[in-house]
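Take a look at the structure below.
4 protein chains.
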Amino acid sequence: MCGIVGIVGKSNVNQALYDALTVLQHRGQDAAGIVTCDSGRLFLRKDNGLVRDVFHQRHMQRLIGNMGIGHVRYPTAGSSSSAEAQPFYVNSPYGITLAHNGNLTNVEQLSREIYEADLRHVNTNSDSEVLLNVFAHELAGGGKLRPNQDDIFNAVRAVHNRCRGGYAAIAMITGYGVVGFRDPNGIRPIVFGKRDTEHGVEYMIASESVALDVLGFELIRDLEPGEAVYITNDGQLHTLQCATNGHYAPCIFEHVYLARPDSMIDGVLVYKARLRMGEKLAEKILRERPDHGIDVVIPIPDTSRTSAVELANHLGVKFREGFVKNRYIGRTFIMPGQAARKKSVRQKLNAIELEFRGKNVMLVDDSIVRGTTCKQIIQMAREAGAKNVYFCSAAPAVRYPNVYGIDMPSAHELIAHGRTTEEVAELIGADWLIYQDLEDLVEAVREGNPNITEFDCSVFDGKYVTGDVNEAYLGKIEQARNDAAMSQGNVASAIIDLHNN
Amino acid sequence: MCGIVGIVGKSNVNQALYDALTVLQHRGQDAAGIVTCDSGRLFLRKDNGLVRDVFHQRHMQRLIGNMGIGHVRYPTAGSSSSAEAQPFYVNSPYGITLAHNGNLTNVEQLSREIYEADLRHVNTNSDSEVLLNVFAHELAGGGKLRPNQDDIFNAVRAVHNRCRGGYAAIAMITGYGVVGFRDPNGIRPIVFGKRDTEHGVEYMIASESVALDVLGFELIRDLEPGEAVYITNDGQLHTLQCATNGHYAPCIFEHVYLARPDSMIDGVLVYKARLRMGEKLAEKILRERPDHGIDVVIPIPDTSRTSAVELANHLGVKFREGFVKNRYIGRTFIMPGQAARKKSVRQKLNAIELEFRGKNVMLVDDSIVRGTTCKQIIQMAREAGAKNVYFCSAAPAVRYPNVYGIDMPSAHELIAHGRTTEEVAELIGADWLIYQDLEDLVEAVREGNPNITEFDCSVFDGKYVTGDVNEAYLGKIEQARNDAAMSQGNVASAIIDLHNN
Amino acid sequence: MCGIVGIVGKSNVNQALYDALTVLQHRGQDAAGIVTCDSGRLFLRKDNGLVRDVFHQRHMQRLIGNMGIGHVRYPTAGSSSSAEAQPFYVNSPYGITLAHNGNLTNVEQLSREIYEADLRHVNTNSDSEVLLNVFAHELAGGGKLRPNQDDIFNAVRAVHNRCRGGYAAIAMITGYGVVGFRDPNGIRPIVFGKRDTEHGVEYMIASESVALDVLGFELIRDLEPGEAVYITNDGQLHTLQCATNGHYAPCIFEHVYLARPDSMIDGVLVYKARLRMGEKLAEKILRERPDHGIDVVIPIPDTSRTSAVELANHLGVKFREGFVKNRYIGRTFIMPGQAARKKSVRQKLNAIELEFRGKNVMLVDDSIVRGTTCKQIIQMAREAGAKNVYFCSAAPAVRYPNVYGIDMPSAHELIAHGRTTEEVAELIGADWLIYQDLEDLVEAVREGNPNITEFDCSVFDGKYVTGDVNEAYLGKIEQARNDAAMSQGNVASAIIDLHNN
Amino acid sequence: MCGIVGIVGKSNVNQALYDALTVLQHRGQDAAGIVTCDSGRLFLRKDNGLVRDVFHQRHMQRLIGNMGIGHVRYPTAGSSSSAEAQPFYVNSPYGITLAHNGNLTNVEQLSREIYEADLRHVNTNSDSEVLLNVFAHELAGGGKLRPNQDDIFNAVRAVHNRCRGGYAAIAMITGYGVVGFRDPNGIRPIVFGKRDTEHGVEYMIASESVALDVLGFELIRDLEPGEAVYITNDGQLHTLQCATNGHYAPCIFEHVYLARPDSMIDGVLVYKARLRMGEKLAEKILRERPDHGIDVVIPIPDTSRTSAVELANHLGVKFREGFVKNRYIGRTFIMPGQAARKKSVRQKLNAIELEFRGKNVMLVDDSIVRGTTCKQIIQMAREAGAKNVYFCSAAPAVRYPNVYGIDMPSAHELIAHGRTTEEVAELIGADWLIYQDLEDLVEAVREGNPNITEFDCSVFDGKYVTGDVNEAYLGKIEQARNDAAMSQGNVASAIIDLHNN
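Protein chains in written order, with this note's numbering: chain A, 1 to 501; chain B, 502 to 1002; chain C, 1003 to 1503; chain D, 1504 to 2004.
What follows is the structure, given as structure tokens:
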């Protein structure tokens, strides 16, 4: 998962891009980058780290220009390397830079094709670099000295024909404009909006509407599946549906965990979807455990808080913040002659005994992935004196890997993979465990926009909407993850991106 | 306000000090420092920045030794400089390092005295350096080649006789041990605890009990007002009441805002005190506004959440997280030829319209200081569609400056200074405003430990428990603040601490 | 002027490239870069600064691979920007990186052509990026999936047809090999050599033979004008004359000042050429000033020492190091409210009075460019008590700008531009001044290799061997220099290279 | 060996101190520091590295004040740690900072005494910190609130009574002035001078006169053995002989190698002393090898050049710079799985074959210490084709360790320790070897100032002028060196100085 943003403004856009990236920082804390364009010249700064650490005064001063794009990165499943920050750049045609959120499932084939067709060298493991080269190749095919919106949209159309997977991308054509496009299933989110300034109208494209809100932009709408938006450097906005086979199947996990609650995705307010998840979960509890005997509902901070408040309301049980999160987690250093110790959950959360002692507590989390943290938290609750510890997950059991850009473990690392709810409950040490039903989750989100008839729920049901994900593919990415993990000791940071120091 | 910690352990204490400082980071994000002692030699690292930014692998590797102290700093009122990180060091006698939380009110006189009596040069504006030199001078007076607990306690006694103000301090005597002491009114908090390890018992002294919890130490108790605890480097723990005039008057603002909710201060769980603040505030609302018509209670994140939950419970009104906090605030850069822009509250908080549109909302904050943020938040609530915006403060009106170590503005900057509640309500734009009554606040805390008969409530009632704070003193620190503010443009960072690069 | 190096080895070449760059550091102290290739992937590190400051352990560890190229940069005349470090990279075709020494005189036309023909965006002011794109375009024209030596040489041939100016370049074709080529006049130097290792033969291409010597490579020979050498990644070496119009006219200024004395360029040992310059200068002095009355010959350290020793020998006069060079020059800092002060020559040189007091001293420098330093040095000699100060230059009067890659001032800044020797002598304050005659300089170098019939002596005689340099061109680069100088205050470092942070 | 400087000026002295340190940088490239005093407050910056790397604009801006001292450090023999940069600071009395060049031979006893007498903790292995504490203790003894010159001189007198060894030191008394003092034998050099400015007379104290020259100060004179100079902050200069037993025995090695040739030490111009070393060496060669058959004299750059020129003159043989020094030496990096390789002399020097091929060459070095470099250079000369390689040393055989502040190996590492000239010649591979005779060396220096009747020549003759250096002491420092070397792998940088980050 990553966050992307692009702005075509009327004065320097560096500060606005920077601010937007801080608002999108929850989508990726691993690396950050901004490229701006001024008088046909590009200015780039990117590096590993948080936005606030990557950009200093001296960098910002150089990022001049009224047009630019930015990126925050979270390592993507299937990519063994963590060394590539975005935006990426190719100099032909026109000089194109691109920021990408998602994952291509046919990246190997594409990589081969662009080398064979165009002799284009791809220097990283990043599918984003491949996506950029595919787009560049298709745009070059037009051969226009000065590309217009039709050329841009034709290139996006060709990208849709060739690329498989989930992707939302923002590219800048040096000297011409900024284009945003979304995969034909609309798996990854992307919105655009505008604001009026004294110098004229400015446009922003971003992963989430909250970036628009905070910067005073007004949301126009989400890009539709397969649609592209192109804003020329003089401020003309064009949109076109570039996919013939597009149909809406957005990633439901955005609503469960990824997105900020105050974002509006595909017409659904994430916050409200989460409230409804709490409601529906409460109904299930009341249905399955009418005599639940719960004394207090306690969220695992921070994501599950919204669901948990409403769950408590519907159960008619007290909501209490029984865990305090340590907001300033540090590192564990290895001293000479010492083995590495694992950061335990104790360093991240502290239990307020008062809320646990002698009570039946219902812990609420947004989802359960590996289950290791769950287990420790339940243990903490018991040590704090809880009589019984119940656990519920606002999402169904996570049983399958994600292939559309969320960094999720491979199947065998998922605690619920091939296990029943009872087996998971026992493994994590809960007195009982309740998962949201998938229909309920879908309903909780759909109520916000009944026009969406389908979601990508692959991590829950193993159905991959792009139709090209089979056992062989899943086996290959699992192998890649394992290889990456094993070699991490000595190669982890062995790759210097070409565009970086 | 600062956070302090000291550990006498059985193996290297660097990681434990580091972890403790991250847990105490909410008490100061301005600078951090650790000094350790090994075989009579000190190892120091301190710098401006967060704990995670100040200490790198190379620093930690050098911070060897089984004994050490640490500090996180928040700039203190009355100090015009922000350049001094702690711990401080003097080499005579014994080599002493010290970390301090609080503020001395007679620092000028002390500074003069230590120069005249001992020719001791103080190189910073920090009262902590003065406190260290007073302690060092008194300890040197013993003239012992090898100081024991009596010498240490005598020195603390003399410190109490000479120093005025609020202070909790931890000092390390090179080669001998670590001593913690608390001012005779117990204004600033300090606790100590222990943990068993395979190598023996380890002791920790810290500003808040949460540092003990997270590191697996068991809280023994708070230091009493005027009391000192001395732990020798071989693990003997001694305590002694070193003040003759000690009486309990701890700072109530720790419970309102400063401390983590999961800390236990002077026998009171901060979290529970805040729940009671919510209760009592609800009672006042029901009393004064029986037909309040409130639709939803919304906290200003993060501190007020605990009070707000309970306030909502007692009002029987929905509690909702209507504001989402941006956790990754960045900087505002100044581009050439541009004026500095102020970060607005919009970049810190985003309103979820759904919770405001057409409703009577009750916003809850822990306290109101300058009122500028309040005003912007209320404006945001209105822009989000609120019908009426009510505001309540879990603490009474803040009307007086703090002189015991909390960085509070001077009187004329406090919105409630010399104003009625109605006047403040009008200034911040609230439809109505309710402050907690001071008796209720005191009661909310006291219920946790009825033995405490008095609190320092000076910011609310202008009564300074040390008895030495008069108009002249307050005028002087106000002047100092103004001078500092005015010269900040060109001198702010003009001071290099002697112990720093 | 820059230094370039490329190695195709049998194990990691990073250390060897690094060492070679330190040996070539005299050719450019402004920036440094290395790119290596391993398994079809490139690893790059480049930044402003000396070699020893640019490469740290963490960078070197990532620069893996048996093949790579490196660069040290000196800002080139005509380039207004100092922000581009090399090697440069384009990803199509194959992924090509390039390091360049020299200057193209038709860069504007080329830049336009490559955009129009190939839509290739050039993001810097660097002619090296243009050269790379021309080469890339020509190599792409072959369209081969796997290029062989013929494809490479054809591309070089096309480069020679299109590019004007002086250039020695080393390019790496990702996965295939390293190619070095030299402009058809052989203006800039480039050599290649080999060494045997236990794993097989390794090849190096470099600006100067001294890089070969120090690393234990044996000089094979200089590339001939227009010739290219291509070493495949498995160690096959191919050479081909790629120019039809090549004729030898190497830059004579390499011998005067640029090259290290222990380098062998075009068959001439620089050191020996300088000895002969001293001899010939002595003969001229004896001829023109038979009663010279010189008491001591004193070089201006460091370059002129070789000529000066031999000059003294031939005059039969003592040679003495009367000036001591300060090897650790620092910066002049600007304090608030202070005007910038110029570093005077006094901070670089200190005169030993003993060698000046009451004597007729002959100061020897390699050449006189602006004359400002000369003037100060002569003044120092007088202050040290010299009776008469004579000055001689091992090179003729510098009267014209350089357009082939040496950073020389524009014409009007050259003290000898439009002035007689006597006028220059008066301006610099010398009692008399002797310049080497151009025929003598040419002879001094040619004696080392009589096969070279012509040199580029343009800075002395204004004859530009490429035939395309006219008044209009010179006027344009002079204007560019002026513009650059004027805007330096606020834009100097305003350009971030795309490949840099 | 270190370089020290102190200035009492009429405006900010930071730039002047910085410039002076760059001029003294040859005395120590390991660390650098400056402390200034303004309005009773100290500003310090020190760190490992060259002067140009330690001080940036932000540091310089903070180093305000008209008075200050500076230091460049070379690790001293007998000190196992390399982590302490100077100046050092103690806060009592007055706040004193000190920069020291030399070595105390009774540091252990002093360290014990100052702890016992004053409970002063010394946190480093540096004898400089001990010297500072002794001085501070003695100055505190006066007990004056405002010390005058008598108090200062009394403290220096007491230092002389208690300290043994060689030392030149500059201390600053915060708010009062700067004092320089020299050990009673005058082993280490120290001079002072003045310059007139529009604001009044400014004074500088420095290790070498060249720092005065370059900054436009006029040399007043050397401090005499045991003498002190005190310059008050308002510009009054006082001097006093503070030793009763002082007698001149300056270190002769300053003239051989340490000092810059353009420095005047104890009335002797180092440059001229080196010329005379060349003369006397020539005479010895002519005496011992009348038929020497030498074709060319070649110096090992840089120090021996002065002697070699004159040696060649007196022999009537050509002087030629046959070795070219690489001025930009880099590091050798350790790649994973690779053993560390030693930098060979080949990376530092390159031989110009022309000057060696078929010739009898006389190589000249200033001295021979370990002999390892010599051996490699002679080997290079042979590989370059020399017929015979003769070697001469401008100093006698180095056979004993230095205990007065020069970082010299211990006895058993000295190639000449216990060996005859012939044995050394064989070991280094020279056809024959000639050492300067000690009487000749002494004479070469003494001719510059016949008033000096004795020199410290201990490295040549094993006679230590302080009279307290015996076998036991030498054994102890040898042991300390060995321990340090052995533990370097894991502890080398394990010490953080208290005053550093």
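By construction, the Cβ of each residue, glycine as well, lies at the ideal position given by its N, Cα and C atoms. Nothing here was measured: the structure is a model prediction, and the numbers come from that model.
Chain A residues whose Cβ lies nearer than 8 Å to that of residue i
i                      : result
residue 1118 (chain C) : 145
Residue i, DSSP secondary structure in three states
i                      : result
residue 241 (chain A)  : strand
residue 202 (chain A)  : strand
residue 137 (chain A)  : helix
residue 1964 (chain D) : helix
residue 264 (chain A)  : strand
residue 901 (chain B)  : coil
residue 122 (chain A)  : coil
residue 234 (chain A)  : coil
Residue-chain proximity (residue i, chain C), Cβ-Cβ < 8 Å
i                     : result
residue 87 (chain A)  : no
residue 158 (chain A) : no
Within chain A, the residues that residue i reaches when beta carbons sit closer than 7 Å
i                      : result
residue 1096 (chain C) : 119 and 121
residue 1176 (chain C) : 121
residue 901 (chain B)  : Simply none; closest approach about 30 Å.
Within-8 Å CB hit, residue i to chain A
i                      : result
residue 1043 (chain C) : yes
residue 770 (chain B)  : yes
residue 848 (chain B)  : yes
Beta carbon proximity, residue i to chain B, threshold 8 Å
i                      : result
residue 284 (chain A)  : no
residue 1582 (chain D) : Its pLDDT being 45, under 50, residue 1582 (chain D) is placed unreliably by the model, and nothing is read from it.
9 Å Cβ cut-off: residues of chain A touching residue i
i                     : result
residue 773 (chain B) : 352 and 354
Chain C contact residues for residue i, given Cβ-Cβ distances below 7 Å
i                      : result
residue 1526 (chain D) : 1328
is_contact[residue i, chain F] using C-beta, thresh 8 Å
i                     : result
residue 591 (chain B) : Among the protein chains in the structure shown, which are A, B, C and D, there is no chain F.
Residue i at chain D interface by Cβ criterion, 8 Å
i                      : result
residue 641 (chain B)  : yes
residue 1264 (chain C) : yes
At a Cβ cut of 8 Å, what residues of the segment 318-337 of chain A count as close to chain B, listed as they run along the chain? 318, 319, 320, 321, 324, 326, 327, 328, 329, 330, 331, 332, 333, 334, 335 and 336
Name, going along the chain, the residues of the segment 1045-1071 of chain C whose beta-carbon falls closer than 7 Å to a beta-carbon of chain D. 1052, 1053, 1054, 1059, 1062 and 1063
Please specify which runs of the beta strand (DSSP E), each continuous and at least 3 residues long, are wholly inside the segment 791-858 of chain B, giving them in chain order. 797-800, 824-826 and 850-852
Residues of the segment 1284-1317 of chain C with Cβ closer than 8 Å to any Cβ of chain D, in chain order: 1307, 1308, 1311 and 1315
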